[in-house]
Amino acid sequence: MNDVRYALRMLLKQPGFTVVAVLTLALGIGATTAIYSVVNAALLNPVAIPNSERLMQIGEWVNPGRGEGFFGGVAPPVIQVIRENQDQFEDVTWSNNRHLERRGEEFVETFHGAWVSPNYFSFLSATPMLGRGFARDEAFRTDEEGKVNSDAVIVLSHSLWTKEYGSDPNIIGRNLTLSERNFTVIGVMPAHFRFPWGTTDFWVPMADPLVLPNLVEAPNHQVLVRLKEGTTQEQAASMLKAWENGLLSEYANDSWQGKHGYGAMMRREGWSLKLRPMREIFTNEKLQRTMFGLLGAIVFVLMIVCTNIANLMLARTERRQQEMAVRAAIGAGRGRIVRQLLTESVLLAGLGGVAGLIATWWCMKLLISLLPGFMPRLNEIQIDSHALGFTLLVSLGTGMVFGLAPALRASRVSISETLKQGSDRTSISATWRRYRGGLVVTQVALTMVLLLGAGLMIQSVVRLLEVKPGFDPENLLRVHITLPWQKYANEPALKNPVLERLNERLAALPGVKAAGIGKHDGWASEFELEDGRIVKLTQQGCGVESSDLFRAMGTPLLAGRTFQQGDIKAKIKPVVINETMADTCWGGKSALGMKFGIPGIRSKVQYEVIGIVGDTRTQSYAETPAPIFYRPFHEMHLAGVPPHFIVRSSTDPTALMPAIRKEVKAAEPDMGVPMIGVVEQDLYRSTQGHRTYMLYLMSFAGVALFLSAFGIYGTLAYSVSRRTREIGIRMAVGAERPQILKMIIAEGGRLVGMGIIAGLIASYWLTRFIESQLFQVSPTEPVVYTAVVLFLLAIALLAAFLPARSAAKIEPMTALRYE
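Its first residue numbered 3, the sequence shown is counted upward by one per residue in the numbering used here.
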C-alpha cells in the first residue's frame, strides 16, 4: 500500500504525463475489451448454457458426394424415431418456423415465428423478461390444414413487443387475434434472445411436430438434444446410423406420394443423419473473419500504445536517476526499485483500464451493428464479468509490458556516477539507445500494417461503388408483394390476372415511365444441355410485352429478342438468358436457338434460347452474376418466393410509394404488407459491411499513425535534449545548422526506414486475413503499398523535422554552459 500511495503521488506530480498516458491506454484497452466482448458473446461462447458441450443438433445431410452437402432440419418421421429412442439423450426439444397473420388497417400483416416444443425455453435456460415460459399442458395441436385448432398461449419477442405493442408492461394476459385464433400472451423474451432465427417474432408451444396429410414432409424441424452425462458424440452418432438404416428401409422405396413423399427425399444422393455441436449453429465464417480481423487490428493498436507508453516511462525514469541512486545508496535493492516502478506502471494501466470502460461501452454500440440481423443469438452482449475480467487482465498485462524495461533500466543505476554528477543527465548506453530505437521501429511497423489494411479497404470500397450493376438504377423502385397463400400458392400465374392488372395500374400512375414484373425461383437446379453436359442454372420469371422486366430496369438486350404474348404456353418454352449463362454453357458460340432441358425428361420439357441480356447485380454491387435464364412469369407457380414489380419514375421515386401502396391494396384486399425499396439506396446499403469495416480500420490506423508520429517526435526530442552539449560542441567546432538538421532527421529516417521494411514484410502475410473483405483488390496491390509508404514516410519525417529544427536552433555558448 505504501508503494501504491507513493505511485499515486508521483503520477499526480506530473499531471500532463498522467493524463496523456491514461487517455492513450483508455483508447487501446477500451476498444480491445469492446471487440473481445462482441467476439466472446457472438462467436467464442455463443451457447452460454450449463454443460453446453453436451448440447447437440440433429439434422439431415443431403448430397455430400458432390461437394455441396447441406446440414438442414429433420422431417417428422425422424423426430418420431428420436422420441421413441432416447437412450442417449437427457432431453430433446424442437422448433419449426411458422407465421401468423393479423388484419391491419390497410394490409394483412405477417409475423414470422416458431412453433416449439413446450420445454423449449427451459432447454435453452432462457427466461422471459416479462411473464413466464410454457407449461407442458399448454401445447396445442393442429387441424388437417396445419392451422391451430384451438386457442393457445404465445410468447412475444422483444422487437415485436416494442414495435407492435408499444412496450406495454401490462401485455401479460392480453388476448391477441392472429390467423383467426385467440392467443394469450404469457411472456416477453429479452432483446438479445433471437433463436432459432434472428428475426423470430413469437413462440407458440406445439404438442407434436407438424404433419400435413397428403403433402411432402419437408425436413424443416430444428431438433436439439442434450446428451446424457457420460455419452460421447461418437456414441450418439453411431445410434443415428442405426436409425438412418431403419428409416431408409421403411421409406426409401415409396413412390412420390407414398408416406407423404418422404421417400423421395431420402432417395436423393447422400442422404444421412448427422450430429453436430449446437455451437455450430452460430458459425458464420465471414463474420468470424471480420471480427477476428478487427480484434487483430486493435491488438496492434494496443501494442503501439504499449510501446509509446514504454518510451514515455523510459524517459521519465531516466530523469529520476538521481532519486534511484539515493534509494540504492540507503539500502534499496534492485528488486525493491523494480517493484516500486512496476507498481506505478500497473497503477497507470489500471487507471487507463477504468477510463477504458467508457470507450468499451461506446465501441460496443458500434460493433454490434456489424452483426447480421438474421443471425441467431442467445447471449446478451454487454460489459459483464467476462469483459471486466478481460479488462483487468489487459490492464495488468499492459502495465507489466510497458513498465518492465524502464524499471530494469532504473534499477541498474550507477550510484557513484549519478551522485557525483548531481544531475539526471547521465550517459545512456548503446543498449538502451537501441532499445528506444527498437520501440520506434516496432511502432512504425505495426502502423504500416494497419495503414495498408485501411488502404486496401478504401480501394476496395471505391471499386465496389464504381461497379456498374448492369441496369439503370436511377429513379427505380422494387415492390415486393405478398399474395394470400391460401388463394394463389398452388396455381400458376397464368390462371390469375391479379399481377397483370396490378402492373397495368402501376404503369398508369402519374410520373411512372415503365413497370415490369419479375419472380425469383430460389435455388439453382440442374439442367442438361444438348451435348449431355449437366449445368446448374437459376430460373427467374419475367413479364411479357407491357410488363417487360428488362425494359423497366433498362437491362441491355445483347442479342435476339425479349418475350412476346405468343411465347406463353409454347410447346418448346422460349427463354432469355444472361451473358454469364451464354458464356458458361456455350462459350464463344452463339447461344441463340440453343436448347436445354431437365435431366431425365428432356423429351417432355425443353427450353430454347431466344434472347441474351446483360448480367445484372440487383441485390449487391459485390454480387457475382450467376448463370440465369428467364421465362414468362405466367408459366411459374406463385408459391415460393413472391413476385415483385420494378417501377421506373421520372421524378423522385419515394413520392410514388403512397400511390403504389394504394394500388396494391386495391388489387387484392387480402394482400400482405408490400415492401417498397429504392433500388439505388438498396444497392448502396449493401456496401454497409465493407464501409463499416473500412471505417474501423481507418480509425485504428489513424490512431496508430498519431501514436507513431508522437513516438518518433518524443524519441528524437528526448535525444536532442540529452545531446544538447554534444550539439553545442559540434557547432562550436564548425558544424553548420543544416548539418545538424540533417543529422537528426537522418537518425529518425533510419528508424522509420527499418520500421517500414519490417511492416512491409509483416503485411505480406497479415493483409491476407482481410482478403475475404476485399473486392477486386489484391492483398499485395502495388498502388496501395506505394501510397501508404509515401504517406507514412512523409508523416514520420515531419515528426522528425520538429526536434531536428529545435536542435539546429541551439546556440553553441548556451549549450556549452548547459550543465
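Glycine included, C-beta positions come from ideal geometry on N, C-alpha and C.
Residue 190 is positioned such that its CB atom lies no closer than 7 Å to that of residue 102. At least 7 Å separates the beta-carbon of residue 594 from that of residue 616.
Counting every other CB atom within 10 Å of its CB across the protein chains shown gives residue 748 a total below 16, marking it as exposed. Counting along the chain, residue 9 sits inside the alpha helix (DSSP H) bounded by residues 4 to 15. The C-alpha of residue 184 is placed about 26 Å away from the C-alpha of residue 78. A check of alpha carbon separations from residue 285 across 126, 58, 476 and 46 identifies 46 as the nearest. Residues 443, 446 and 447 of the same chain have their beta carbon placed closer than 6 Å to that of residue 757, with the five preceding and five following residues left out of the count. Taking a contact as a CB-CB distance under 8 Å, the pair residue 58 and residue 277 counts as one, their CB atoms being some 5 Å apart. For residue 510, the closest C-alpha among the options 201, 569, 662 and 50 is that of 662.
Looking at the DSSP output, residue 527 bridges to 539.
In the DSSP assignment, residue 336 falls within the unbroken alpha helix (DSSP H) covering 336 to 370. Looking at the DSSP output, residue 587 sits in no beta bridge, so it has no partner there.
Distance from the CA atom of residue 234 to the CA atom of residue 74, rounded to whole angstroms, is 22 Å. Residue 199 sits in coil when the DSSP states are folded into three classes, being neither helix nor strand.
Judged by beta-carbon spacing, residue 456 lies beyond the 7 Å limit of residue 734, meaning their Cβ atoms are not closer than that value.
With contact defined as three or more Cβ pairs closer than 8 Å, the region 29 to 49 and the region 350 to 360 are in contact.
Per the coordinates, the alpha-carbon of residue 732 lies some 57 Å from the alpha-carbon of residue 40. In summary, residue 527 is exposed, with fewer than 16 beta-carbon neighbours lying within 10 Å of its beta-carbon over all protein chains present. Around the beta carbon of residue 168, fewer than 16 other beta carbons sit within 10 angstroms, so the residue counts as exposed. Around the beta carbon of residue 376, fewer than 16 other beta carbons lie within 10 angstroms, which makes this residue exposed. Secondary structure in the region 643 to 686: the alpha helix (DSSP H) runs of 4 residues or longer, each lying completely within the stretch, are 659 to 669 in chain order. Ranked by how close their Cα comes to the Cα of residue 108, the residues 670, 534, 240 and 141 have 670 in first place.
Residue state for residue 186 is assigned as strand, using DSSP reduced to three classes. Between residue 745 and the set 767, 808, 273 and 274, the nearest pair of CA atoms involves 808. Every alpha helix (DSSP H) of 4 residues or more that sits fully in the region 692 to 766 is shown, in chain order, as 726 to 734.
Of the other Cβ atoms in all chains shown, fewer than 16 fall within 10 Å of the Cβ of residue 785; this residue is therefore exposed. Per DSSP, the beta-bridge partners of residue 634 are 544.
Note that the C-beta distance between residue 113 and residue 207 is not below 7 Å. Within the same chain, Cβ atoms closer than 7 Å to the Cβ of residue 551 are found at 518, 519, 520, 544, 545 and 648, the five residues on either side in sequence being excluded. Per DSSP, residue 124 lies in no beta strand (DSSP E); the unbroken alpha helix (DSSP H) holding it starts and ends at 122 to 125. 7 Å or more divides the Cβ of residue 489 from the Cβ of residue 650.
Residue 228 is classed as buried because its beta carbon has at least 16 other beta carbons within 10 Å across all chains shown.
Looking at the DSSP output, residue 59 shares a beta bridge with 226 and 278. Three or more pairs of CB atoms, one per stretch, sit closer than 8 Å, so the region 575 to 582 contacts the region 625 to 639. Residue pairing by DSSP places residue 560 opposite no residue, since no beta bridge is assigned to it. According to the DSSP assignment, residue 509 belongs to the alpha helix (DSSP H) that extends over 500 to 509.
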